[in-house]
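Asks:
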Amino acid sequence: MRGFITLRDFKNRLTFRDGGSGAFQRSFGGISAHYEGQWEKLKIQIGIESDRQRDERQRFNNLNGKIGDQTLNQTERFGSTAIFAFTEWHPLSILTLTGAIRQDWLVLSVSDLFLKDGNQSGMRNYSRFNPAVGFSVKASSSLFFYGNYTTGFETPTLNELSANPLQTGGFNPELQPQASENLEIGVKYRFFPKNQAELSLFHINLKNESVGYRLAATDTRTYFRNAGTGQRRGAELAVNTQISEWLNVLVNYTFSDFYYKKYEVNGADFSGKTTPATPKHVFFSELRWEHSSSVFAIVQIRAVDKMFADDANTIISKDFWTAGFRAGFSWLKTGSSF
333 MRGFITLRDF
343 KNRLTFRDGG
353 SGAFQRSFGG
363 ISAHYEGQWE
373 KLKIQIGIES
383 DRQRDERQRF
393 NNLNGKIGDQ
403 TLNQTERFGS
413 TAIFAFTEWH
423 PLSILTLTGA
433 IRQDWLVLSV
443 SDLFLKDGNQ
453 SGMRNYSRFN
463 PAVGFSVKAS
473 SSLFFYGNYT
483 TGFETPTLNE
493 LSANPLQTGG
503 FNPELQPQAS
513 ENLEIGVKYR
523 FFPKNQAELS
533 LFHINLKNES
543 VGYRLAATDT
553 RTYFRNAGTG
563 QRRGAELAVN
573 TQISEWLNVL
583 VNYTFSDFYY
593 KKYEVNGADF
603 SGKTTPATPK
613 HVFFSELRWE
623 HSSSVFAIVQ
633 IRAVDKMFAD
643 DANTIISKDF
653 WTAGFRAGFS
663 WLKTGSSF
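Residue 462 in the numbering used here sits at position 130 of the sequence shown; the count goes up by one each step and never skips.
This is the structure we're talking about:
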């Protein structure tokens, strides 16, 4: 069993006048419990969890850095309760089968305390059942195959819902949860004592994909809408090699083909367009040196392909690469580390 609580007090100013000064006080907490059992070749886990969040959100006009008249005052609440079960079965020494189910109940509500533009208080209720299945095969001591199928359900966050394009209080009335079906297959290969390579292929079907947009060039606030259906497919390759006792190299490459299958809004048809901010190619490499004396040095290089910055694929963000270096020393003394 576990429990937690988080408190946050936040204020900011954005670069526009109407509602450009914002603030919210957030309280977030939850509790969960689970049971695990194992009988020979079968392992199960069942549990329950419940989370609650409350945001007291306000917005004011931004008068060149000074706080002006209030434009929004509302209390937002998010509650979720879920029960879940997971099982792992080993019918053969080389085969592992997994299965999981999860039922979620969610309640989102807003109490509008700024009534000059009407009362936009409201509530939303969602219920969703998600299954998952998977397998792994140990072909040899160094070769493994795996695959899994899962479904997903993601509600908009309170921040996304409170960004109402109608410029009033309450939630965005058009924004709906996002659902997904996910399929992944892969292979892992271990060579020599501490070296491993892994290749995975994935395919994701999305419904009601959440997409950010802006109302006007002068408004830097991001609003959200659903994009109908989308598809994401790609591949990931990772190789981790220990060259010597102190030197390790990690290389990672990701290929992504993300696009809208059906997306029409305001008379524009973006079907078939690439999803913005999703580069087709991403490369990452890390060279890590760690000495037995606790001295270490790390060099990282990341290269990102060009990507589109809008739904119409008319704005292109150029490709780029970054390099980083850090070094340090770890000191252990009487159970403490520095």
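C-beta: ideal position from N, C-alpha, C; glycine also.
Return the residue from the list Ala629, Val583, Asn393 that minimises the CA-CA distance to Asp401.
Replies: Out of Ala629, Val583, Asn393, Asn393 has the C-alpha closest to the C-alpha of Asp401.
Asks: Kindly indicate which three-state DSSP category Leu447 falls into: helix, strand or coil?
Replies: Coil, per DSSP.
Asks: Distance, Cα to Cα, Gly361 vs Val469?
Replies: Their backbone Cα atoms lie some 39 angstroms apart in a straight line.
Asks: To the nearest angstrom, report how far apart Asn496 and Arg546 are at their CA atoms.
Replies: Between Asn496 and Arg546, the C-alpha separation is close to 11 angstroms.
Asks: Return the chain-ordered list of same chain residues with a C-beta closer than 6 angstroms to the C-beta of Leu533, the five sequence neighbours on each side being excluded.
Replies: Ile517, Ala567, listed in sequence order.
Asks: Where does Phe602 land, buried or exposed, given buried means 16+ other C-beta within 10 angstroms?
Replies: Looking at its Cβ environment, which holds 16 or more other Cβ atoms inside 10 Å, Phe602 is buried.
Asks: Roughly how many angstroms lie between the CA atoms of Val309 and Ser494, to the nearest whole one?
Replies: This structure cannot speak to residue 309, because the chain is shown only from 333 to 670.
Asks: Which residue comes first and which comes last in the alpha helix (DSSP H) that contains Leu490?
Replies: Taken as a continuous stretch (DSSP letters only), the alpha helix (DSSP H) holding Leu490 covers 490-494.
Asks: Are the CB atoms of Phe418 and Gln370 nearer to each other than 7 angstroms?
Replies: Taking 7 angstroms as the Cβ cut-off, Phe418 and Gln370 do not qualify as a contacting pair.
Asks: Between Ser626 and the rest of its own chain, which residues show a CB-CB distance below 8 angstroms, the 5 nearest in sequence each way excluded?
Replies: Once the five neighbours on either side are set aside, the close Cβ partners of Ser626 are Phe661, Ser662, Trp663, Leu664.
Asks: Which one of Gln390, Leu490, Ala464 has the shortest CA to CA distance from Leu447?
Replies: That would be Gln390, whose Cα lies nearest to the Cα of Leu447.
Asks: Please report the residue range of the beta strand (DSSP E) in which Ser588 lies.
Replies: Counting along the chain, the beta strand (DSSP E) containing Ser588 begins and ends at 579-594.
Asks: For Lys539, which of Lys520, Ser459, Gln528, Thr561 has the nearest alpha-carbon?
Replies: The candidate whose alpha carbon is nearest that of Lys539 is Thr561.
Asks: Using three-state DSSP, classify Thr554 as helix, strand or coil.
Replies: Coil, per DSSP.
Asks: Considering only C-alpha positions, which residue in the set Glu372, Glu596, Thr654 is nearest to Ser617?
Replies: That would be Thr654, whose Cα lies nearest to the Cα of Ser617.
Asks: Below 8 angstroms, can you find three or more Cβ-Cβ pairs linking the stretch 482-491 to the stretch 458-467?
Replies: In short, these stretches touch, since the Cβ pair count reaches three.
Asks: Going by beta carbon distance, what residues of the same chain come within less than 6 angstroms of Arg334, once the five residues before and after it are set aside?
Replies: Closer than 6 angstroms at the Cβ level, and outside the excluded window around Arg334, lie Ser364.
Asks: Along the chain, where does the beta strand (DSSP E) that runs through Arg564 open and close?
Replies: First-last of the beta strand (DSSP E) with Arg564: 561-574.
Asks: Label Ser353 either buried or exposed according to how many other C-beta atoms from any shown protein chain fall within 10 Å of its C-beta, with 16 as the threshold for buried.
Replies: So Ser353 ends up on the buried side.
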